[in-house]
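One line per chain: the protein sequences are F and V, in this order. Mapping to my numbering: the first sequence position 77 is 77, numbers consecutive. So the number in my numbering is just where the residue sits in the second sequence, counting from 1, plus 324. Glycine included, each C-beta is placed from N, C-alpha and C at the ideal position. Read through the structure below, which is laid out as structure tokens, and then see the notes.
There are 2 protein chains.
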Amino acid sequence: MNILFGDKAFLRLRDSLFPAFKEHSLDVAGDGELEQKLPWADVLVIRPMNITKSLLQHGTNLKMVQQWGAGVEGLNIQDCTDLGIYACNIPSRGTGNGEGVAEMAILHMMLLGRRYHRSREKLLEGKVFTPPGTVLWGKKACVIGLGNLGHCLVERLKGLGMTVAGVNRTYRDEFFQWGVDTFHLLTEIEKAVTGCRFVIVALALTPETRHTIGESFFQAMDRDAFFINVARGDIVEREAFDKAIQNQWIAGAGLDVFWNEPPDIADPILHHPLITTTPHVGGVTDASFQGAVDFIVENIKRLSDGREPCSCLNVQDINRRKTL
Amino acid sequence: MNILFGDKAFLRLRDSLFPAFKEHSLDVAGDGELEQKLPWADVLVIRPMNITKSLLQHGTNLKMVQQWGAGVEGLNIQDCTDLGIYACNIPSRGTGNGEGVAEMAILHMMLLGRRYHRSREKLLEGKVFTPPGTVLWGKKACVIGLGNLGHCLVERLKGLGMTVAGVNRTYRDEFFQWGVDTFHLLTEIEKAVTGCRFVIVALALTPETRHTIGESFFQAMDRDAFFINVARGDIVEREAFDKAIQNQWIAGAGLDVFWNEPPDIADPILHHPLITTTPHVGGVTDASFQGAVDFIVENIKRLSDGREPCSCLNVQDINRRKTL
Chain F
1 MNILFGDKAF
11 LRLRDSLFPA
21 FKEHSLDVAG
31 DGELEQKLPW
41 ADVLVIRPMN
51 ITKSLLQHGT
61 NLKMVQQWGA
71 GVEGLNIQDC
81 TDLGIYACNI
91 PSRGTGNGEG
101 VAEMAILHMM
111 LLGRRYHRSR
121 EKLLEGKVFT
131 PPGTVLWGKK
141 ACVIGLGNLG
151 HCLVERLKGL
161 GMTVAGVNRT
171 YRDEFFQWGV
181 DTFHLLTEIE
191 KAVTGCRFVI
201 VALALTPETR
211 HTIGESFFQA
221 MDRDAFFINV
231 ARGDIVEREA
241 FDKAIQNQWI
251 AGAGLDVFWN
261 EPPDIADPIL
271 HHPLITTTPH
281 VGGVTDASFQ
291 GAVDFIVENI
301 KRLSDGREPC
311 SCLNVQDINR
321 RKTL
Chain V
325 MNILFGDKAF
335 LRLRDSLFPA
345 FKEHSLDVAG
355 DGELEQKLPW
365 ADVLVIRPMN
375 ITKSLLQHGT
385 NLKMVQQWGA
395 GVEGLNIQDC
405 TDLGIYACNI
415 PSRGTGNGEG
425 VAEMAILHMM
435 LLGRRYHRSR
445 EKLLEGKVFT
455 PPGTVLWGKK
465 ACVIGLGNLG
475 HCLVERLKGL
485 GMTVAGVNRT
495 YRDEFFQWGV
505 DTFHLLTEIE
515 KAVTGCRFVI
525 VALALTPETR
535 HTIGESFFQA
545 MDRDAFFINV
555 ARGDIVEREA
565 FDKAIQNQWI
575 AGAGLDVFWN
585 EPPDIADPIL
595 HHPLITTTPH
605 VGGVTDASFQ
615 GAVDFIVENI
625 KRLSDGREPC
635 SCLNVQDINR
645 RKTL
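Put into structure tokens, the structure is as follows:
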């Protein structure tokens, strides 16, 4: 099949990436080349990027758009359906993505709980056995969003001996099998966070989840609690976040994601002593790279064998369309 | 009972510590006051500090020396036995100590695997989605020392989806119940570390374990593996460690403990890009403080009730001595 990688960033990965696709014809679209190269492609592989319907319409042979990752906020699924194109992402759990992002959340929880930056200052002042820290063991964590990432997080937090309050838009029995101790619907999120020392956002960004976390949420959090976002910046209202830090409604925050990416290097959140930050690398790991390659190779094999692709977000709509 | 806290450092904790012992008479020995105050004490509570036999002999009423913590390297157990004094420590697992130290090891594993300091530099250069990191999930870790701390570590690493090679001086069946995947005796430690991406020292320091980790050990480690020490500095030969870093026999190291504490602030290990350091705070946490208080209160209660104290390192020798 003809596989088009839709961003020049894939060129950097060519040595480790291309050999896995050696049965296929490959091309990479540089800046502004996508429209011109799209008619050739059977499969378009995209990074987080905006794909308009008018662009997609150039894909006259296109059978599948495959997101490199779990988040598809730049792709309009309905557009794909209208054009009879499968829209697929990579499921977060089992491919290294959810596992890596969950570990990043835990890293921020530990950086904050152990006051890592303060502890480095103490060490360089010639002191040991200080500052005292907060362990995760025995504490209550709130995981907001019980999708694949939330699942990865719950398993790990239970393994660290925490109590877990789970929050999700809908209820499923399996949450308790994962180890969730108490459950709240997203509509009663403010009840869920009370008594939690760590609150972690693991929601996918959709028009419905945008700005889920606002001022009343931060006011409902315990004053000694830490807020961690490893999902997407826009799930949180920036102004409310700034207020929460400024007024110390919360004890601190750990952010792997931002409202603008990359954030302005002068943005005070990158320099605040109560905030730990990392450059959206939760899912940028050895495991998720290999997991993504393996997943996409297999999904293209399914497509060329005439089977339905996996983790397809519009497979039912496409099937319905085919039978019309 | 008369409880003597053997170091002025306990004074800093008095507000949170003393109320728990309100049924007893309390005193704290400042610098040089221990000898003079010891005849009054039924119980001596000590921090990591050297207690000589000639000092102990002033404890004419002394029934128990209680270490605040797990490590008793400053106390000669035989001296205590000779004088008919129970020597007790606080067991590491279940009291918050082992749990906190195990979490500190995981923090260092993540700091190293995610290249945390490099990632902060990238973010402040205005970059995101870089540097790529190494997840713990699916990797093999070697835990050296399967006491209480090792037990805490094994459970947590399994919860993070790692394979665990365990190393201990002696074999016990329960190691496999904890989740250890493969076992090696301490005498074949160099076989155990091959193929492990993370190697964590969790041994107690004794005359036998001093300098267990030397040059041949580091040479046996994989070149892309990380070495973490949360136990005691002197388990490792300093010169061998420096060579391992200098020659990049290993990919990096995480140290919560040092050869001298506090380390010299000019010591290059505090400033090396391949080494992450924290000021011996693995066990300095909210949980271990409360765990220690609860344990000591209960142990003193047992003593005053005429029962044997818990976690007593010479209880059999004392009993034998009593029946002679």
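- Contacts with chain F (Cβ-Cβ distance below 8 Å) from the segment 451-464 of chain V involve K451, V452, F453, T454, P455, P456, G457, T458, V459, L460, W461 and G462, listed in chain order.
- At the C-beta level, M434(V) and L107(F) come within 8 Å of one another.
- In the DSSP assignment, the residues bridged to F227(F) are V199(F) and A253(F).
- Neighbours of P262(F) across chain V, judged by C-beta separation under 8 Å: L447, G450, K451 and V452.
- With the criterion set as a beta carbon lying under 8 Å from some beta carbon of chain V, the members of the segment 265-298 of chain F are I265, L270, T277, T278, P279, H280, V281, V284, T285, D286, A287, S288 and F289, in sequence order.
- Here the C-alpha atom of A253(F) lies approximately 23 Å from the C-alpha atom of T182(F).
- If you ignore the 5 residues before and after H184(F), its C-beta comes within less than 8 Å of the C-beta of A165, G166, V167, K191 and A192, all in its own chain and listed in chain order.
- Note that the C-beta distance between A555(V) and C520(V) is not below 8 Å.
- Distances from the CA of G393(V) to each of G424(V), L380(V), G383(V) and K377(V) were compared; the closest alpha carbon is that of G424(V).
- Separation of P309(F) and V154(F) (C-alpha to C-alpha, rounded to the nearest whole angstrom) is 28 Å.
- Here T458(V) is buried: its Cβ has 16 or more other Cβ atoms, across all protein chains shown, within 10 Å.
- The beta carbons of G606(V) and A526(V) sit about 10 Å from each other, so the pair does not count as a contact at 8 Å.
- Rounded to whole angstroms, R493(V) and L510(V) show a C-alpha spacing of 5 Å.
- Proximity of R93(F) to chain V, defined by a Cβ-Cβ separation below 8 Å, is not satisfied.
- In this structure, the alpha-carbon of A9(F) lies about 11 Å from that of M49(F).
- Just so you know, the alpha carbons of R371(V) and Q391(V) end up roughly 6 Å apart.
- The beta-carbon separation of V45(F) and F5(F), rounded to 5 Å, stays under the 8 Å limit for a contact.
- Scanning chain F for C-beta atoms nearer than 8 Å to the C-beta of S443(V) yields T278, P279 and V281, reported in chain order.
- For the pair of segments examined, the segment 374-389 of chain V was found to touch the segment 352-366 of chain V: the number of CB pairs separated by less than 8 Å reaches three.
- Note on the segment 337-382 of chain V: whole beta strand (DSSP E) runs with a minimum of 3 residues are 349-352 and 367-370, in chain order.
- Taking 8 Å as the cut-off, the Cβ atoms of S349(V) and N326(V) count as close.
- Looking at the DSSP output, F176(F) shares a beta bridge with no other residue.
- A residue is called buried once 16 or more other Cβ atoms fall within 10 Å of its Cβ, and T323(F), having fewer, is exposed.
- Note that the segment 276-293 of chain F touches the segment 444-455 of chain V; at least 3 beta-carbon pairs, one per stretch, sit closer than 8 Å.
- Counting along the chain, the unbroken alpha helix (DSSP H) around M434(V) starts and ends at N421 to G437.
- Short of 7 Å from the beta carbon of A426(V), and not among the five residues preceding or following it, lie these beta carbons of its own chain, in chain order: L473, C476, L477 and R480.
- M434(V) belongs to the set of residues whose beta carbon lies under 8 Å from a beta carbon in chain F.
- Listed in chain order, the positions of the segment 406-431 of chain V with a beta carbon within less than 8 Å of a beta carbon of chain F are G420, E423, G424, E427, M428, I430 and L431.
- Residue pairing for A87(F): DSSP places it in a beta bridge opposite V65(F).
- Per DSSP, the unbroken beta strand (DSSP E) holding L4(F) starts and ends at N2 to F5.
- Taking CB atoms only, L160(F) has a neighbour in chain V less than 8 Å away.
- Neighbours of R480(V) in chain F, taken as residues whose beta carbon is under 7 Å from its own, are G159 and L160 in chain order.
- Comparing alpha-carbon positions, the option among A251(F), I275(F), I213(F) and F227(F) lying closest to R238(F) turns out to be I213(F).
- In the structure shown, the three-state DSSP call for C310(F) is coil.
- The criterion of a C-beta distance shorter than 8 Å is satisfied by V65(F) and I85(F).
- Under the Cβ distance rule, R493(V) does not count among the residues neighbouring chain F, no pair being separated by less than 8 Å.
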